Amino acid sequence: MKKKKKIIIGILILVLGGLLFFEGRRITFSIECISAETELQKNFEEKKFDFFELAKFTKNTSPLQFDFHSGDTIYMTFQDSSIYYVDFFIDSIYSIRPETKLEFLIDEDGCLGVVDSDTVKVCNNNWRVQFYGHYKDKRIDQLLSYYGWTRHDFESLVEQVQELNCDGFTNSKNHFGLNYKTVSYYNNDFLHCFGHGDGYFGYLYTTQPDSFYGLSSLKKLENNYYGIEGWNF
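Residue numbers (this note's numbering): -15 to 217.
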């Protein structure tokens, strides 16, 4: 009997070892995603008042999108309002980073002026400016104004998103979304391109949930707020 038990235990160890070897990341990935779902709900409950205040603050505001990279460093893109975000035919693309010396102006016709020392270049068509830096950088003031945001309101928005433990914000006419957490399946960039997708967790505020492209990933929270839980085992 003892010998039989040892054989059974040995087989179980081999099976479990094989599962961990071949399916280990799938198992740990699932555990991390389930944990993220719990954290998403808990964060909402703990900061419910702040979530509702953000909904009031963003009502009737102009579209804007940004992502945090570390601390107070954000990434965001500004562009000519006459082109689509995914437009591949953009005539002029510029970047604003901490070391960038250029300054940018926008005239009443939406034309971008690029100031390089005492030279002004004007891009009449299809321009885009990619910003990476501290959210209080004054060089984006005119770009924010072009998008319909004052410096004061923009900084208030960024700080509210930080307070909600979120690392990204995007809004449109009927809703806004908040990035809460991404669970990476692979740490390798190459495998990211061809392998298993990541788990995405965030919040959506909308009065029209049926129009959301990922309806099956929504989980009702409260007062037009939904949790976004997108991952596959």
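The beta carbon of each residue, even a glycine, is placed where N, CA and C say it ideally should be. Keep in mind that this is a model prediction, so the values were computed, not measured.
Quick one: what's got a C-beta closer than 6 Å to residue i's C-beta in the same chain, skipping five residues either side?
i      : result
Ala39  : Tyr189
Lys165 : Ala20 and Phe185
Asn27  : Asn149
Asp64  : Asn110 and Trp111
Could you spell out where the alpha helix (DSSP H) holding residue i opens and where it closes?
i      : result
Leu123 : The sequence as given places Arg at residue 123; Leu does not occur at that position. Arg123 -> no alpha helix (DSSP H), and no H or E assigned at all.
Glu206 : Looking at the DSSP string, Glu206 is not in any alpha helix (DSSP H), and its letter there is neither H nor E.
Taking the alpha-carbon of residue i as reference, which of the options has the nearest alpha-carbon?
i     : options                         : result
Gly97 : Glu83, Thr84, Pro82 and Val113  : Val113
Ile80 : Ser46, Thr57, Phe153 and Ser168 : Thr57
Quick one: is residue i buried, meaning 16 or more other Cβ sit within 10 Å of its Cβ, or exposed?
i      : result
Phe160 : buried
Leu199 : exposed
Val142 : buried
Val99  : exposed
Leu3   : In this prediction, Leu3 scores a pLDDT of 49, lower than 50, which makes its location untrustworthy; no coordinate-derived value is stated.
Tyr68  : exposed
Tyr210 : buried
Phe5   : Legend: pLDDT at Phe5 = 47, less than 50; position of this residue unreliable, value from coordinates given subsequently. It is exposed - the Cβ of Phe5 has fewer than 16 other Cβ atoms within 10 Å.
Just reading off the beta strand (DSSP E) that residue i is part of, what are its end residues?
i     : result
Asp34 : Unbroken run through Asp34 is the alpha helix (DSSP H), Lys32 to Phe41; no beta strand (DSSP E).
Report yes if the CB atom of residue i is closer than 8 Å to the CB atom of residue j, and no otherwise.
i      : j      : result
Cys107 : Ser76  : yes
Leu24  : Glu213 : yes
Arg123 : Glu147 : no
Thr42  : Asn155 : yes
Phe52  : Asp137 : no
Who are the Cβ neighbours of residue i in its own chain at under 7 Å, not counting the five residues just before and after it?
i      : result
Glu139 : Tyr119 and Lys120
Gly1   : Confidence at Gly1 is low in this model, with a pLDDT of 48, below 50, so its placement is unreliable and no value can be given for it.
Phe196 : Leu188, Thr190 and Leu202
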